[in-house]
Amino acid sequence: MNTGRVRYFSDGKSPISSFAISASTLPNFMKIVSLCLFLATIRFSEAAKPGFITVRNNGTYVSYLELEFHENGETKSLKSEHFVKGQSKTIEIPQGATNIFLTVKCQMIPKYPDDVMSKFFIRPVQKCYEVWGSVADPRYAEIRSSCF
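For the record, in the sequence shown the residue sitting at position 111 is 147 according to my numbering, with numbers rising by one throughout.
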């Protein structure tokens, strides 16, 4: 039987009625929906936190941090003060920041800094790094345990 634009099966039911959720599959369906909502909530709460990046200098050079990011449709940048061996600096990342680009610079000659490391983050993070070595061979690593 064919009436209008809706095509019916030989038993008289429309294809739409075949997608109905039965009582036996409803609990599984609800579990999946609940899990999706839970995961979406976690991702939203992660994105809603402000962040920071802390760097400890153990190198034989002067360091500083540069941070560039987007916030409310504008490109913004932050720069730390210079810090030497044994010192740390922290830059706070605003809650709504996106497309975050971190550069840690080292320099022996004031007008000619070199990059020690560069990192890109989509949203605010809470991370700590250590830099060491010399201007000729700068090195870095993320500190995964507690910060300094």
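Backbone N, C-alpha and C define an ideal beta-carbon position, used for all residues, glycine too.
Quick one: is tyrosine 165 buried, meaning 16 or more other Cβ sit within 10 Å of its Cβ, or exposed?
buried
Mind checking whether leucine 101 and isoleucine 127 have CB atoms under 7 Å apart?
Closer than 7 Å, so yes.
On the CB-based measure, 16 or more other CB atoms within 10 Å of its CB, does glycine 122 come out buried or exposed?
By the neighbour-count criterion, in which a residue is buried when 16 or more other Cβ atoms sit within 10 angstroms of its Cβ, glycine 122 is exposed.
So, is alanine 133 buried or exposed, given that buried needs 16 or more other C-beta atoms within 10 angstroms?
buried
Going by beta carbon distance, what residues of the same chain come within less than 6 Å of serine 170, once the five residues before and after it are set aside?
Around serine 170: Thr96.
Can you tell me the Cβ-Cβ gap for valine 152 and lysine 141, rounded? I've got them flagged as a contact below 8 Å.
7 Å
Among residues of its own chain, excluding the 5 on either side of serine 154, which ones have a beta-carbon nearer than 6 Å to its beta-carbon?
Thr139
What first and last residue would you give for the beta strand (DSSP E) that runs through glutamine 162?
162 to 169
With threonine 90 and serine 124 assumed to form a contact (beta carbons below 8 Å), what rounded beta-carbon distance in angstroms separates them?
6 Å
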